[in-house]
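Reviewing the structure listed below.
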Amino acid sequence: MTTKISNSNVTAQINHVGAELFSIKNKENKEFMWEGNPKFWGKHSPVLFPIVGTLKNNSYSYNGIDYQLARHGFARDMVFEVVQKNKNSVIFSLNSSEETRKTYPFEFELQIIYTLIENSLMVEYKVFNKGNTIMPFSIGAHPAFALDGNFEKYSLEFEKEENLEYFLLENDLIANKKKQLELKNKKINLNYQLFENDALIFKTLESNSITILENLKPFLKVTFEDFPSLGLWTKIDASFICIEPWFGYSDTNEHFGNLFEKEGIQVLSENDIFNSKFSIEIL
8 MTTKISNSNV
18 TAQINHVGAE
28 LFSIKNKENK
38 EFMWEGNPKF
48 WGKHSPVLFP
58 IVGTLKNNSY
68 SYNGIDYQLA
78 RHGFARDMVF
88 EVVQKNKNSV
98 IFSLNSSEET
108 RKTYPFEFEL
118 QIIYTLIENS
128 LMVEYKVFNK
138 GNTIMPFSIG
148 AHPAFALDGN
158 FEKYSLEFEK
168 EENLEYFLLE
178 NDLIANKKKQ
188 LELKNKKINL
198 NYQLFENDAL
208 IFKTLESNSI
218 TILENLKPFL
228 KVTFEDFPSL
238 GLWTKIDASF
248 ICIEPWFGYS
258 DTNEHFGNLF
268 EKEGIQVLSE
278 NDIFNSKFSI
288 EIL
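Under the numbering used here, think of the first position of the sequence shown as 8, with each following residue one higher.
In structure tokens, the structure reads:
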């Protein structure tokens with residue numbers, strides 16, 4: 008099943024599996040989301056929960072028990088319930104269950120709220136700790152934006168001039184290796200060589216937004232004021248770029264499995280609520 012929301016400027020469509028955004032169109036019917044061609048990557052904008060990235064050995068320990076949890080967690084593959092909808096907004100909900108407790112033994116509700124405001128789509132995450140113990144988790148976005156034609160005619164403009172440091176991945180884990188990404192007038196020109204070693208992982212950065220430009224003309228802006236970390240990613244020869252605001256990231260090679268000691272992990276008190284949001288604006 009899918010749900011559509013719209014206003015006079017934008018139409019968005021969301022799949023109930025993963026509450027995954029798969030289409031954003033302007034009033035001229037131009038599509039801004041990646042088509043999901045499985046030859047390269049068969050998704051569009053999965054939510055990453057209750058982990059972001061990969062755990063070492065795809066496992067972690069909690070209260071002396073080892074649990075298996077696959078890359079990016081399980082929420083992206085589960086069916087969400089629509090709990091509220093009107094013309095320009097919708098709230099999706101996923102609750103803990105016998106199935107989720109097999110890999111993540113915590114009581115939670117995850118809400119994903121989509122709201123259209125003028126030319127923007129606001130995406131809000133709410134995580135409710137419904138258990139009687141503290142709850143460790145990560146959450147992140149993974150939207151893929153369509154880039155038609157020559158990949159190298161596109162560039163990314165960061166909100167601020169900054170000295171960008173990104174970490175390299177080895178076997179999907181963050182290695183103790185990092186590089187500098189040089190900005191020129193706050194911009195980087197896209198090319199596939201940047202992604203030969205998979206995603207670029209920024210544990211921290213100063214900018215709160217990134218704008219995608221085609222031949223130096225801005226056409227889409229992602230704003231992520233709440234999020235401390237970010238990933239940039241594409242597949243070689245694919246016509247998309249992912250701009251991924253995160254709370255958390257993959258394990259490091261040195262991590263030893265305790266989820267509470269994982270870099271970037273969030274810890275939610277019992278009966279507490281975590282809230283964050285980002286926006287996608289058509290320029």
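Every residue gets a Cβ at the ideal spot worked out from N, C-alpha and C, and that includes glycine.
_Using a Cβ-Cβ cutoff of less than 7 Å, which residues in the same chain neighbour T241 once the five nearest sequence positions on both sides are dropped?_
F202, F247, I248, C249
*Mind listing, in chain order, the continuous beta strand (DSSP E) runs of no fewer than 3 residues lying wholly within the stretch 21-71?*
27-33, 66-69
*Closest to I141 by CA distance: which of S52, F47, N14, Y69 is it?*
Checked all of S52, F47, N14, Y69; the closest Cα to I141 is Y69.
*asked:* Could you pull the DSSP bridge partners for L220 from this structure?
replied: S162, P225
*Measuring CB to CB, does V17 end up less than 7 Å from L123?*
Going by C-beta atoms, V17 is nearer than 7 Å to L123.
*Check the C-beta distance from L76 over to Y111 and give it rounded, since I have them as a contact under 8 Å.*
6 Å
*Is N93 close to chain B, meaning its C-beta is less than 7 Å from at least one C-beta of that chain?*
The chain inventory of the structure shown lacks chain B, comprising one protein chain alone.
*What does L101 pair with, by DSSP beta-bridge criteria?*
BP columns for L101 point to L117.
*When you compare each of I195, L188, L180, F281 to H79 by their alpha carbons, which one comes out closest?*
L180
*Looking at F39 and F115, is the spacing between their C-beta atoms short of 7 Å?*
no
_Nearest to P252 (by Cα), restricted to the options G264, H262, L212_ = L212
_Helix, strand or coil, according to DSSP, for L188 in the structure here?_
Correct three-state label for L188: strand.
*Taking only the alpha-carbon atoms, compute the straight-line gap between D155 and G71 and give it to the nearest angstrom.*
50 Å
*Where does T230 fall in DSSP's three states?*
strand
*Taking one C-beta from the stretch 281-289 and one from the stretch 78-97 each time, how about it: are there three or more such pairs within less than 8 Å?*
no
*Roughly how many angstroms separate the alpha carbons of L28 and K92, rounded to a whole number?*
Rounded to the nearest whole angstrom, the C-alpha separation of L28 and K92 is 15 Å.
_Beta-carbon gap between T218 and E164 smaller than 7 Å_ = yes
_Using only CA atoms, which one of L227, F209, E261, N260 lies nearest to L239?_
F209
*Compare the Cα-Cα distances from L290 to each of F226, D258, N278 and report the closest residue.*
By alpha-carbon distance to L290, the top candidate from F226, D258, N278 is F226.
*What residues in its chain sit with their C-beta under 6 Å from that of N204, if we drop five residues either side in the sequence?*
L175
*How about K63 and D258: do their beta carbons lie closer than 7 Å?*
Yes, the Cβ-Cβ distance between K63 and D258 is below 7 Å.
*Anyone know if the C-beta pair for F267 and P150 falls short of 7 Å?*
no
*Secondary structure at D73, three-state DSSP: helix, strand or coil?*
strand
_If you reduce the DSSP assignment to three classes, tell me which class T18 lands in._
strand
*From E169, A148, Y256, residue whose alpha carbon lies closest to that of K191*: The shortest C-alpha separation from K191 is found at E169.
*Figure out for me which residue from I12, E270, E105, E221 has the closest Cα to the Cα of P235.*
E270
_Once the 5 residues before and after N222 are set aside, which same chain residues still bring their CB inside 7 Å of it?_
K160
*What do you reckon, are the CB atoms on N65 and A182 nearer than 7 Å?*
no
*How many angstroms separate the CA atom of N14 from the CA atom of N95?*
6 Å
*Residue from F113, H51, Q118 whose Cα sits closest to the Cα of Y74*: F113
*Buried or exposed (CB count within 10 angstroms, at least 16 for buried), P45*: Counting Cβ neighbours within 10 Å, P45 comes out exposed, since fewer than 16 surround it.
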